[in-house]
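Q: The following block contains the structure, expressed as structure tokens.
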Amino acid sequence: MDEARLHDFMGKLVGDMGAAATLANVILGDELGLYRAMADSQPITPEALAEKTGCHPRLVREWLNAQAASGYMAHVKGSFVLPEEQAMALALEDSPAYMAGGAAVIAALFHDKDKLVAAMRGDGGLAWGDHHPCMFSGTERFFRPGYRTFLVAEWLPALEGVVAKLQAGAKVADVGCGHGASTLVMAQAFPASTFVGYDYHGPSITTANDRAREAGLAERVSFQQASAKDYPGHDHDLVCFFDCLHDMGDPVGAAKHAYRALKADGTVMLVEPFAEDSLDGNLTPVGRLFYAASTFICTPNSLSQEVGLGLGAQAGEARLRAVFEEAGFGRFRRATQTPFNLILEARK
1 MDEARLHDFM GKLVGDMGAA ATLANVILGD ELGLYRAMAD SQPITPEALA EKTGCHPRLV
61 REWLNAQAAS GYMAHVKGSF VLPEEQAMAL ALEDSPAYMA GGAAVIAALF HDKDKLVAAM
121 RGDGGLAWGD HHPCMFSGTE RFFRPGYRTF LVAEWLPALE GVVAKLQAGA KVADVGCGHG
181 ASTLVMAQAF PASTFVGYDY HGPSITTAND RAREAGLAER VSFQQASAKD YPGHDHDLVC
241 FFDCLHDMGD PVGAAKHAYR ALKADGTVML VEPFAEDSLD GNLTPVGRLF YAASTFICTP
301 NSLSQEVGLG LGAQAGEARL RAVFEEAGFG RFRRATQTPF NLILEARK
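Residue 304 in the UniProt record's numbering sits at position 304 of the sequence shown, with consecutive numbering throughout.
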């Protein structure tokens, strides 16, 4: 045994345990409004922050100490500061860098641990709807900043001729829409077009319709409960899959249905987690996050459904291309990308 290597690994493990504990504190700070109360990046004492947020001052002090030890905020002479850069990620929900809301997804993994143990020892299946409720809200809050930042400004313009169709008035299906964050972003940007979001998870559809009404978009936007292989219509200009195709039991079947749902000159926009085509290419911080999440969420959800292909969150462009080629699509390309996303275009 190499004692130096053991020592290095123990240091890494301690760091990971500290990160996990810190993430629980991030969820705490997000829910209690502690980060939002510090979003002006001005020094504040624990007592002042406790008064401002209605929290216990001794526990606020301990929370702040943990934040400082984690490098999430600065400590100066008894006061604490949330720097502007950290506020972008932790306090400002409209920021493109906002990440705190997605921490609830990680909480769901711990809530659902016993379900994953049963899946591991059983048929591998754990359906999306069987996760803890914080999974659904956390997923929306994790993906929504990226959709708000990139979808209209960069992703749609990277597709051939799609923006012009949306401006003129297009029919759009958002498959696997969840709470409808992506659907509503597009609808707000393109008032001449109509949008229908589809998801097989009934509670998500209820939430999505509530969001459409709250946004004043219910006349042009609706959400319906349907699977990726049975939603109606054969005249769509655009069919979208946002971070969901790899979760499906039968992605080839979903792609075949999208082929039938499109007009002859229609387009599929496929947004997937960023991944290279090999494990070695994904041994990165982003790959680490997505593989770990996929173990609990994406892969067991696929295994819970018919076919159970189990693509996983790190499927990569080559495997996704094979899915669409098998479904009959003649053209498939990478339109653009971000550090977290692949944006792929498929056409007949």
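The beta carbon of each residue, even a glycine, is placed where N, CA and C say it ideally should be.
Helix or strand or just coil, what does DSSP make of residue 117?
A: Residue 117 falls in the helix class under three-state DSSP.
Q: Please go through the same chain and pick out, in chain order, the residues whose beta-carbon is closer than 7 Å to the beta-carbon of residue 37, but skip the five residues on each side of it.
A: 49, 52, 53.
Q: If we count the other Cβ atoms within 10 Å of its Cβ and call it buried at 16 or more, is residue 323 buried or exposed?
A: The residue is buried, with at least 16 neighbouring Cβ atoms inside 10 Å.
Q: Based on DSSP bridge pairs, tell me the residues matched to residue 174.
A: The partner list for residue 174 (beta bridge, DSSP) reads 197, 240.
Q: Indicate the three-state DSSP secondary structure (helix, strand or coil) for residue 206 in the structure shown.
A: Helix, per DSSP.
Q: Excluding the 5 residues preceding and the 5 following residue 96 in the sequence, name in chain order all residues of the same chain whose CB lies nearer than 6 Å to its CB.
A: Same-chain partners within the cutoff: 145, 149.
Q: Taking contact to mean at least 3 C-beta pairs separated by less than 8 Å, is the region 217-233 in contact with the region 184-202?
A: In short, these stretches touch, since the Cβ pair count reaches three.
Q: Here's the rule I'm using: 16 or more other beta-carbon atoms within 10 Å means buried, otherwise exposed. How should residue 34 be labelled?
A: Per the 10 Å Cβ criterion, buried.
Q: Considering just the uninterrupted stretch of the alpha helix (DSSP H) at residue 331, what are its terminal residues?
A: First-last for residue 331: 331-337, but that is the beta strand (DSSP E), not the alpha helix (DSSP H).
Q: Can you list, in chain order, the stretches of the beta strand (DSSP E) that have 3 or more residues and sit fully within the region 132-193?
A: Those beta strand (DSSP E) runs which fall completely within the region 132-193 and span 3+ residues are 171-175.
Q: Nearest CA to the CA of residue 219: which residue from 73, 187, 162?
A: Ranking the options by Cα distance to residue 219, first place goes to 187.
Q: Would you identify the three-state DSSP class for residue 43, choosing helix, strand or coil?
A: If DSSP states are grouped into helix, strand and coil, residue 43 belongs with coil.
Q: Hey, could you find the ends of the beta strand (DSSP E) residue 224 is sitting in?
A: Segment 221-225, the beta strand (DSSP E) holding residue 224.
Q: Within the chosen definition, does the region 280-296 reach the region 163-174 through at least 3 CB pairs nearer than 8 Å?
A: In short, these stretches do not touch, since the Cβ pair count stays below three.
Q: My understanding is that residue 142 touches residue 180, with C-beta atoms under 8 Å, so please give their C-beta distance in whole angstroms.
A: That pair is no contact at about 15 Å.
Q: Given 8 Å as the limit, is there contact between the region 272-285 and the region 98-114, that is, 3 or more CB pairs closer than that?
A: Counting Cβ pairs under 8 Å, fewer than three are found: no touch.
Q: Can you check which of these residues, 105, 42, 89, 58, is closest to residue 75 by C-alpha distance?
A: The shortest C-alpha separation from residue 75 is found at 42.
Q: Mind listing, in chain order, the continuous beta strand (DSSP E) runs of no fewer than 3 residues lying wholly within the region 31-89?
A: Runs found: 74-76, 79-81.
Q: Report the option in 303, 297, 326, 314 whose CA atom is closest to the CA atom of residue 134.
A: Measuring from the Cα of residue 134, the nearest candidate turns out to be 297.
Q: Out of curiosity, what's the CA-to-CA distance linking residue 260 and residue 104?
A: Near 37 Å, if we compare the C-alpha coordinates of residue 104 and residue 260.
Q: Between which two residues does the beta strand (DSSP E) holding residue 343 run?
A: First-last of the beta strand (DSSP E) with residue 343: 341-347.
Q: Looking only at its chain, what residues have a beta carbon closer than 7 Å to the beta carbon of residue 57, apart from the 5 residues adjacent to it on each side?
A: Counting only Cβ-Cβ distances below 7 Å, and skipping sequence neighbours, we find 46, 47, 50.
Q: Could you give the first and the last residue of the continuous beta strand (DSSP E) run that contains residue 93?
A: It is not in any beta strand (DSSP E) - residue 93 carries neither H nor E in the DSSP assignment.
Q: Any contact between the region 235-246 and the region 208-218? By contact I mean 3 or more CB pairs, one from each, below 8 Å.
A: No, they do not touch.
Q: Quick one: give me the first and last residue of the alpha helix (DSSP H) that residue 293 is part of.
A: From DSSP, the alpha helix (DSSP H) with residue 293 extends over 285-296.
Q: When DSSP builds the beta bridges, which residues end up paired with residue 269?
A: Paired residue(s): 240, 345.
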